[in-house]
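> Just add 3 to wherever you are in the sequence shown, counting from 1, and you've got this note's numbering.
Ideal Cβ positions, reconstructed from N, Cα and C, are used throughout, including at glycine.
Every value quoted in this text rests on a predicted model; they were computed, and no experiment measured them.
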Amino acid sequence: MAREKASGMGLPARSEEEWRRTDVTVLDWERRSNAGVRVLVEGDEAGAGESPAVLAMLERLSGRLDNVFLARALGSEEVVWVRTGGGERVVRIRQGERVRSDVHVLVEARPGDQGVVRLVHEGGRGSVLNVLVSVWVGEGARVVLVDEGARRADAARVVHVWGEVERGAVLEHASLVTGSWFTKQRVHVRLAGEGAEAFLRGVMVAGRGDHYDARTVQEHVGPQTRSLAQYHAVAGEDGRTVYQGLIEVAGSARGTDAYLSNKNLLLSEEAASYSIPTLSIGTDDVRCSHGSTTGHVREEELFYLRSRGIPEEEAVGLLAAAHIRAVTDHLPSSLAERVARRAERKVKRMKGVALRGEVA
4 MAREKASGMG
14 LPARSEEEWR
24 RTDVTVLDWE
34 RRSNAGVRVL
44 VEGDEAGAGE
54 SPAVLAMLER
64 LSGRLDNVFL
74 ARALGSEEVV
84 WVRTGGGERV
94 VRIRQGERVR
104 SDVHVLVEAR
114 PGDQGVVRLV
124 HEGGRGSVLN
134 VLVSVWVGEG
144 ARVVLVDEGA
154 RRADAARVVH
164 VWGEVERGAV
174 LEHASLVTGS
184 WFTKQRVHVR
194 LAGEGAEAFL
204 RGVMVAGRGD
214 HYDARTVQEH
224 VGPQTRSLAQ
234 YHAVAGEDGR
244 TVYQGLIEVA
254 GSARGTDAYL
264 SNKNLLLSEE
274 AASYSIPTLS
284 IGTDDVRCSH
294 GSTTGHVREE
304 ELFYLRSRGI
314 PEEEAVGLLA
324 AAHIRAVTDH
334 LPSSLAERVA
344 RRAERKVKRM
354 KGVALRGEVA
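1) Can you say whether residue 72 is buried or exposed, counting buried as having 16 or more other CB atoms within 10 angstroms of its CB?
2) From residue 74 to residue 294, what distance separates their C-alpha atoms?
3) Does the structure place the stretch 32-45 close enough to the stretch 91-109 that three or more beta carbon pairs sit under 8 Å?
4) How many Å lie between residue 323 and residue 119 at the Cα?
5) Considering only the alpha carbon of each residue, which of 85, 290, 326 and 277 lies closest to residue 301?
6) Helix, strand or coil, according to DSSP, for residue 84 in the structure here?
7) Can you give me the C-alpha to C-alpha distance between residue 76 and residue 106, rounded to a whole angstrom?
8) Can you have a look at residue 278 and say buried or exposed, based on whether 16 or more other CB atoms are within 10 angstroms of its CB?
9) What does DSSP give as the partner residues of residue 238 in its beta bridges?
10) In whole angstroms, give me the CA-to-CA distance for residue 169 and residue 306.
11) Using 10 angstroms around the beta-carbon of residue 191, count the other beta-carbons present and answer buried if the total reaches 16, otherwise exposed.
12) Assess contact between the stretch 121-136 and the stretch 310-321, defined as three or more Cβ pairs (one per stretch) separated by less than 8 Å. Is contact present?
13) Quick one: Cα of residue 35 to Cα of residue 163, how far?
14) Cβ atoms of residue 269 and residue 238: under 7 Å apart, would you say?
15) How is residue 321 classed by DSSP in three states: helix, strand or coil?
16) Report the rounded CA-to-CA distance for residue 86 versus residue 149, giving the unit in angstroms.
17) Could you tell me which uninterrupted alpha helix (DSSP H) segments, each at least 4 residues in length, are contained entirely in the stretch 270-303, listed from first to last along the chain?
18) Measuring straight from C-alpha to C-alpha, what distance separates residue 113 and residue 344?
19) To the nearest whole angstrom, what separates the beta carbons of residue 135 and residue 176, a pair I think is in contact under 8 Å?
20) Hey, would you say residue 271 sits closer than 7 Å to residue 303, going by beta carbons?
21) Residue 56 and residue 139: beta carbons closer than 7 Å?
22) Below 6 Å CB to CB, which residues in the same chain sit around residue 247 once its five sequence neighbours on both sides are set aside?
23) Mind checking residue 229: buried by the 16 CB within 10 Å criterion, or exposed?
24) Can you give the Cα-Cα distance for residue 266 and residue 297, rounded to whole angstroms?
25) Determine the extent of the alpha helix (DSSP H) in which residue 74 is found, giving its start and end residues.
26) Can you tell me whether residue 305 is helix, strand or coil according to DSSP?
27) Thinking C-alpha only, which one of 58, 171, 69 and 275 is nearest residue 12?
28) Would you decide whether residue 16 is buried or exposed? Buried here means 16 or more other CB atoms lie within 10 Å of its CB.
29) Do residue 186 and residue 346 count as a contact pair if the criterion is CB distance below 7 Å?
30) For residue 14 versus residue 131, is the C-beta spacing smaller than 7 Å?
31) Name the two residues that bound the continuous alpha helix (DSSP H) containing residue 9.
32) For the alpha helix (DSSP H) holding residue 64, just list the boundary residues, first then last.
33) Exposed or buried, which one is residue 299 when buried takes at least 16 other CB atoms within 10 Å?
34) Measure the alpha-carbon distance for residue 251 versus residue 19 and round it to whole angstroms.
35) Between residue 340 and residue 156, what straight-line distance do the alpha-carbon atoms span, to the nearest angstrom?
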């Protein structure tokens, strides 16, 4: 069904609100050869089974195919099932050069499961990856899903994440967007069961020629559910970032507690960040709010650091690093430092920025 629907869909138009600030024609999607990929799963429990709950989730998703990228990924023949079970799983997606590929990674956490899943894109030169990560989190389970992004600066990505969280379960999603020149991402989490929780965090570091667009949807369906979206962006040189966040609360979601925060730091006059937070509330018994800031480094912060003998370029680097770590410090300790350092390396390469000491 998804593949058939995709065949009749064109690329998203910039007249559509979600895609208004991102031109997907720059990907040359139709002119690229559609090539298979190699997907490797590291971990003892790779290869989950088709449970009725997961199939029901996919059926719901198939009714929400609003763009060709999502439809192609859901209908892809390249489907990888991952059972969390416990411990850490690493999903490595490897592509050839100058190709486009559709991949569906399905993560299943059965009731009571706990685990970490890392997604790594090892694309070839000039590759474009279109990936859907669908996640079902069963009752009382807890999943940490970390998308580490692309390894190559000349790769591009379109990413959809669809998560469903059952009673008393928790989904944590973290996204690091630093390696590619183009990333369009949507993270949609449906809090279906009573007491379900979701924490969505992201870091975008855009330098010369980069365009990153992230959208989060916190969909509250069950009662007493809780969610947080926290996205920080650093844009330098002529980099562009876009963040669109939506908190959506159904009439059945009494007692919802939801918050979204987007903070953007600009390191040059040519850089730009756009922030569009929105709320859609269907019941009065909720606590929902959002916050958004965009601006350059504050002069008083620079003055404070320079008065202590820190050169201006290093001071800017320190402030950018603190902006990044305000998000990455919430990751599991085994990942937080490595992920932060990858983002800081990108900042260090920007004109007019330096970081004290070596960023390994």
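The relevant details are as follows:
1) As a working note, residue 72 is residue 69 in the sequence shown. Under this definition residue 72 is a buried residue.
2) Your numbering for residue 74 matches position 71 in the sequence shown. Your numbering for residue 294 matches position 291 in the sequence shown. Approximately 32 Å between the Cα atoms of the pair.
3) yes
4) By 1-based counting over the sequence shown, the position of residue 323 is 320. By 1-based counting over the sequence shown, the position of residue 119 is 116. When rounded, the distance between both Cα atoms is 27 Å.
5) Against the sequence shown, residue 301 aligns to sequence position 298. Nearest of 85, 290, 326 and 277 to residue 301, Cα basis: 326.
6) Your numbering for residue 84 matches position 81 in the sequence shown. DSSP places residue 84 in strand when its eight states are reduced to three.
7) Here residue 76 refers to the residue found at position 73 of the sequence shown. Here residue 106 refers to the residue found at position 103 of the sequence shown. In a straight line, the C-alpha of residue 76 is about 5 Å away from that of residue 106.
8) Working through the sequence shown from its first residue, we reach residue 278 at position 275. Residue 278 is buried by the Cβ-count criterion.
9) Numbered from 1 along the sequence shown, position 235 holds the residue referred to as residue 238. Per DSSP, 209 and 269.
10) The count along the sequence shown starts at 1 and reaches residue 169 at position 166. The count along the sequence shown starts at 1 and reaches residue 306 at position 303. About 49 Å.
11) By one-based count along the sequence shown, residue 191 stands at place 188. That one is buried.
12) no
13) For the purposes of this step, residue 35 is taken as residue 32 along the sequence shown, with counting starting at 1. For the purposes of this step, residue 163 is taken as residue 160 along the sequence shown, with counting starting at 1. In a straight line, the C-alpha of residue 35 is about 20 Å away from that of residue 163.
14) Position 235 of the sequence shown, counting from 1, holds the residue named residue 238. Position 266 of the sequence shown, counting from 1, holds the residue named residue 269. Cβ atoms of residue 238 and residue 269: closer than 7 Å.
15) If you number the sequence shown from 1, residue 321 lands on position 318. Of the three classes helix, strand and coil, the one that applies to residue 321 here is helix, per DSSP.
16) As a first step, residue 86 must be located in the sequence shown, where it is residue number 83. As a first step, residue 149 must be located in the sequence shown, where it is residue number 146. Approximately 15 Å between the Cα atoms of the pair.
17) none
18) Within the sequence shown, the letter at position 110 stands for residue 113. Within the sequence shown, the letter at position 341 stands for residue 344. Cα to Cα, residue 113 sits roughly 33 Å from residue 344.
19) Within the sequence shown, residue 135 is the residue found at index 132, counting from 1. Within the sequence shown, residue 176 is the residue found at index 173, counting from 1. The Cβ separation is near 14 Å, so there is no contact.
20) One-based indexing of the sequence shown puts residue 271 at position 268. One-based indexing of the sequence shown puts residue 303 at position 300. Contact flag unset, no.
21) For the purposes of this step, residue 56 is taken as residue 53 along the sequence shown, with counting starting at 1. For the purposes of this step, residue 139 is taken as residue 136 along the sequence shown, with counting starting at 1. Taking 7 Å as the Cβ cut-off, residue 56 and residue 139 qualify as a contacting pair.
22) Residue 247 sits at position 244 when you count from the first residue of the sequence shown. Around residue 247: 218 and 279.
23) What you label residue 229 is simply residue 226 of the sequence shown in a count that begins at 1. So residue 229 ends up on the buried side.
24) Taking the first residue of the sequence shown as 1, we reach residue 266 at position 263. Taking the first residue of the sequence shown as 1, we reach residue 297 at position 294. Those two C-alpha atoms are separated by around 6 Å.
25) Start at 1 with the first residue of the sequence shown, and residue 74 comes out as number 71. Residues 71-77.
26) Counting from one through the sequence shown, the residue named residue 305 turns up at place 302. In this structure, residue 305 counts as helix in the three-state DSSP scheme.
27) Walking along the sequence shown from the start, residue 12 turns up at place 9. That would be 69, whose Cα lies nearest to the Cα of residue 12.
28) Residue numbering aside, residue 16 sits at position 13 when the sequence shown is read from its first letter. It is exposed - the Cβ of residue 16 has fewer than 16 other Cβ atoms within 10 Å.
29) For the purposes of this step, residue 346 is identified with residue 343 of the sequence shown, where counting begins at 1. For the purposes of this step, residue 186 is identified with residue 183 of the sequence shown, where counting begins at 1. The answer is no: Cβ separation not under 7 Å.
30) In the sequence shown, the residue the question calls residue 14 occupies position 11. In the sequence shown, the residue the question calls residue 131 occupies position 128. Not a contact, by the Cβ cut-off of 7 Å.
31) Mapped onto the sequence shown, residue 9 falls at position 6. Element bounds for residue 9: 5-10.
32) For the purposes of this step, residue 64 is taken as the residue at position 61 of the sequence shown. Its alpha helix (DSSP H) spans residues 55-65.
33) Reading the sequence shown from its first residue, position 296 is the one you call residue 299. Under this definition residue 299 is an exposed residue.
34) Position 248 of the sequence shown, counted from the first residue, corresponds to residue 251. Position 16 of the sequence shown, counted from the first residue, corresponds to residue 19. If you take the alpha carbons of residue 251 and residue 19, they lie about 19 Å apart.
35) Indexing the sequence shown from 1 puts residue 340 at position 337. Indexing the sequence shown from 1 puts residue 156 at position 153. Straight-line Cα distance between these residues: approximately 21 Å.
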